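Peer 1:
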Amino acid sequence: MDTQDIRNARGTDGFDAGATHAHDSNGAVDPARRATQAGSRASVPVQEPILEPHVESARYARCVAASKRIRWDIDRDVIRHREFDFTKKFLPDGLSFVDRMPFLSGDERRLLSQVQGRSYANIFGLVERYIGAKILEVSRDHWLGDQNALEALVRFTDEELKHQELFRRVEKMIGSGMAAGYSFMPQPNDVASAVLSKSTWSVLALTCLIELFTQVHYRASIEPDDELSPLFKDVFLFHWKEESQHAIMDEIEWRAEDARVDARERDQGVTDLIALVGAVDGIVQAQAASDARYFIASAGPTYSAVEQALIEQTFLRAYRWQYIVSGAQEPRFAEVLKALTTPAQMERIGAALTPIVSATA
Ligand SMILES: [Fe+2]
Ligand SMILES: [Fe+2]
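Here's what the structure looks like:
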């Protein structure tokens, strides 16, 4: 189905329910039968489904197959009666930027990775609230259409619900092994309400960015590090396995939405994306400040004013890298964004990102 077909299929009221025999099990329809249906639409006042196979049906089918193959259970496969090993690191050095603070001892370096690792898990639990809701919303376009797409997006949503439960469990387990005083401030429903008030184009773009950096972080930093707590590593191994399909679907849906919108709506999408990145940066700034304060208070030594300032600055740099810059610079994200926007829009996005990118240097 091309994008014109999608546009044509929407908003048409009336569908000949008796014509459903023209479909195969995947929602495909015989073109000749389709013409017959078109002539008898007015009789039944229900919304017409999207009748043709989705252009990306085969890719969605592969996502479904992969999702079934790697499906995991929190207790049976991930936790397996284990606890987090506090004698080891949680977040790897490549993500925590710990090497930028050469005055930290071995114990302090380890604590820093554990504080950042705790927030890293909490951030995923946070954004997955809005991601699950958005994917459930976009699945509506496939309810009566391509059944591979529908199944893939339903599984996607189900996986995000499971991930949120996993990250709530992780927070509880890590929290029980760390000193009091840590706080994770943003509330999932508040953030989700704010994000979901923006245009679908921008929300799918942000989601694509997040789910691509999830994979990059795992492959480039978490997987190769042999000094991490085995349970922490496994949490992100299993998460990564399911996220690999999500990033593919984000891109398909983002491109489909892009094909649906007109130039004015797309420009609003760019404006909204810039606002969303700004909102993420606001969350990141607040959490980095909170985590740096917690680390300084619980690490043990009394740091000089210069060291304290460097710790605060490095937490912020690391978090901006983790949650914004590493995704924005991911080649696949940059490629799709460039393909969907004008040079002027890319310039607007670049201008908004530049202060954040240079602040991580
Ligand atoms: Fe997830
Ligand atoms: Fe995901």
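Here this note's numbering runs 947 ahead of the position in the sequence shown, where the first position is 1. Quick reminder that beta carbons are idealized off the backbone N, C-alpha and C, glycines included. None of these values were measured; they are calculated from a predicted model.
Quick one: what's got a C-beta closer than 6 Å to Pro-1039's C-beta in the same chain, skipping five residues either side?
Peer 2: Cβ within range, chain order: Ser-1168, Ile-1169, Asp-1172.
Peer 1: Thinking C-beta only, is Gln-1134 closer than 8 Å to Glu-1075?
Peer 2: Judged by beta-carbon spacing, Gln-1134 lies beyond the 8 Å limit of Glu-1075, meaning their Cβ atoms are not closer than that value.
Peer 1: Going by C-alpha to C-alpha distance, which of Met-1196, Arg-1047, Ser-1191 sits closest to Ser-1004?
Peer 2: Met-1196
Peer 1: How far does the alpha helix (DSSP H) with Trp-1187 in it reach, from first residue to last?
Peer 2: In this chain, the alpha helix (DSSP H) harbouring Trp-1187 covers 1177-1207.
Peer 1: Which of the three DSSP states is assigned to Ala-969 in this structure?
Peer 2: Interpretation of Ala-969 is limited by its pLDDT of 33, a score under 50 that renders its predicted location unreliable; the figure taken from the coordinates is listed afterwards. Helix at Ala-969.
Peer 1: Identify every residue that forms a DSSP beta bridge with Lys-1081.
Peer 2: Lys-1081 pairs with nothing; no bridge assigned.
Peer 1: At the level of alpha carbons, what is the spacing between Arg-1264 and Leu-1143?
Peer 2: 27 Å
Peer 1: With distances taken Cα to Cα, identify the nearest neighbour of Ile-1230 among Leu-1100, Ser-1066, Asp-1214, Glu-1254.
Peer 2: Ser-1066
Peer 1: Span of the alpha helix (DSSP H) holding His-1110?
Peer 2: 1094-1122
Peer 1: Could you tell me how far apart the beta carbons of Glu-897 and Val-1085 are, in whole angstroms, since I believe they sit closer than 8 Å?
Peer 2: Since the first and last residues shown for the chain are 948 and 1308, residue 897 lies out of range.
Peer 1: Indicate, with yes or no, if ligand 3 has a heavy atom lying under 7 Å from the CB of Ile-1078.
Peer 2: In the structure on display, ligand 3 does not appear, and the ligands it does have are ligand 1 and ligand 2.
Peer 1: How is the alpha helix (DSSP H) around His-1164 delimited, first residue to last?
Peer 2: 1147-1164
Peer 1: Taking the CB atoms as reference points, tell me whether Gln-1063 and Asp-1238 lie closer together than 8 Å.
Peer 2: yes
Peer 1: Any idea what DSSP makes of Lys-1036, helix, strand or coil?
Peer 2: strand
Peer 1: Would you mind stating whether Gly-1079 and Ser-1149 have Cβ atoms separated by less than 8 Å?
Peer 2: Contact: no.
Peer 1: Take the Cβ of His-1164 as the centre, count every other Cβ of all protein chains shown within 10 Å, and call the residue buried at 16 or more, exposed below.
Peer 2: Classification of His-1164: buried, given that the 10 Å Cβ count is 16 or more.
Peer 1: Taking the alpha carbon of Phe-1033 as the reference point, which residue from Phe-1160, Asp-1022, Ser-1123 has its own alpha carbon closest?
Peer 2: Ser-1123
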